[in-house]
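The sequence shown begins at 52 in the numbering used here and counts up by one. Ideal Cβ placement from N, Cα and C applies to all residues, glycine included. Since the structure comes first, as structure tokens, the remarks are kept for the end.
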Amino acid sequence: MPSLKAIRKRISSVKSTQKITRAMKMISAARLRRAQQRITELRPFAVKTAEVLHHVALRVGPEESGHPLLFRRPEREVLLVVVGSDRGLAGGFNANINRAAERRWKELVAEGKHVAFVTIGRRPRDYFRRRGAEIIAELPGASEKIELGHADEIAAQLIDLYTGERHKTEHVEGVEPPSEPGPRFDAVYFMYNEFKSAMTQMVRSEKLLPVEPEGGAEAGSEQDFMYEPDRTAMLDRLLPLYIQIGVFRGLLESVASEHGARMTAMDAATNNAKDMIGRLTLDYNRARQAAITKELMEIIGGAEALK
């Protein structure tokens with residue numbers, strides 16, 4: 052049995068760890084509430100934007116509008132945008148998205164397609180770098196600064212990679228602009244953890260480009276709109292905004308999922324530390340009782356020897 056000093060040291064160490072995990076749980080809980088609030092505020096705007104976009108796109112059509120974001124071509128070059136985090140201690144948050152993206156990667160390669168990656172967060176970057184994936188852009192820290200302007204920069208660069216056109220936006224650090232004119236990728240998929248609850252996050256893979264309006268046909272037919280100056284001009288404004296909102300929403304969902312997963316993991320770690328302290332305290336009391344009993348037996352034995 053370990054000595055009393057060793058057990059006391061172990062109890063002190065576990066208590067210190069428990070304080071850290073409890074503090075991390077409280078921080079994640081506060082950040083989760085803020086992330087949930089931002090998602091709730093964004094949702095009505097995103098839904099209405101998608102509704103109007105689908106309504107216009109279904110009536111104009113890709114041939115009539117001629118917009119490159121609606122034009123479909125055979126998928127030979129595919130870009131996977133994987134959103135993770137920079138830090139760990141979040142349960143299976145990063146492992147789930149990384150494994151799902153790896154499975155998608157292998158499926159696309161099996162179909163004869165060439166796949167490249169844009170990684171948001173250090174964890175997915177390191178994961179796919181170890182597996183020899185082609186990473187054309189690394190955005191560590193992007194998941195920590197979730198602002199609409201930053202999402203706009205990322206969306207603009209993704210559009211550049213899809214269409215081959217240059218947009219009048221500042222270049223986002225970490226993303227290489229197309230070296231030659233013309234489309235570099237035929238499809239862009241956006242993969243992230245969607246927040247369901249603090250204990251449940253679901254990996255989502257959304258086809259960001261080309262924009263496919265069929266999903267909103269039913270919603271678009273419920274209400275008619277009047278457009279000024281015309282539908283085509285409205286479509287030119289809505290399509291980049293739609294991509295921007297998709298990126299922004301995915302980043303917010305990922306941040307909420309990360310904090311929910313970390314809060315759950317730290318809660319479990321805090322409870323495990325409590326159980327461990329209880330077991331160590333019991334071991335300490337038993338060892339102390341054994342030491343006292345041994346001393347008493349020695350005293351009694353010595354007294355008997357003196358008689």
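- When the five nearest sequence neighbours on each side are left out, the beta carbons in the same chain lying within less than 7 Å of the beta carbon of K76 are those of M314, M317, D318 and T321, in order along the chain.
- Sixteen is the threshold: since fewer than 16 other Cβ atoms of the shown chains lie within 10 Å of the Cβ of G353, the residue is exposed.
- E309 is the residue among A342, E309, N336 and F299 whose C-alpha sits nearest the C-alpha of D137.
- Your pair P191 and I148 does not check out as a contact, with CB atoms roughly 15 Å apart and the cut at 8 Å.
- In this structure N244 is buried. Its beta-carbon is surrounded by 16 or more other beta-carbon atoms within 10 angstroms.
- Annotated three-state conformation of K164 is coil, per DSSP.
- Judged by DSSP secondary structure, A207 falls within the alpha helix (DSSP H) whose first and last residues are L199 to T214.
- DSSP places A307 inside the alpha helix (DSSP H), whose first and last residues are R282 to L357.
- Here DSSP, grouped into helix, strand and coil, assigns E245 to strand.
- Ranked by how close their Cα comes to the Cα of I210, the residues L290, R127 and G329 have L290 in first place.
- N145 sits buried, since 16 or more C-beta atoms from the chains shown fall within 10 Å of its C-beta.
- At least 8 Å separates the beta-carbon of L55 from that of A356.
- A direct Cα-to-Cα measurement between D326 and I351 gives close to 37 Å.
- Per DSSP, the unbroken beta strand (DSSP E) holding R255 starts and ends at T251 to L260.
- With fewer than 16 other Cβ atoms inside 10 Å of its own Cβ, M277 counts as exposed.
- Between S256 and G311, the CB-CB gap reaches or exceeds 8 Å.
- Distance from the Cα of V98 is smallest, within the candidate group V306, T344 and L292, for L292.
- Taken in chain order, the complete alpha helix (DSSP H) segments of 4 residues or longer contained in the segment 92–133 are 113–116.
- Looking at the backbone, the Cα of E346 and that of I62 are separated by about 24 Å.
- L130 has its alpha-carbon roughly 6 Å from the corresponding atom of Y240.
- With contacts defined by Cβ atoms closer than 8 Å, L212 and R235 form a contacting pair.
- Shown here for A184: same chain residues with a beta carbon closer than 6 Å to its own, the five before and five after excluded, namely F168 in chain order.
- Per the C-alpha coordinates, the member of E128, A80 and V107 positioned closest to H118 is V107.
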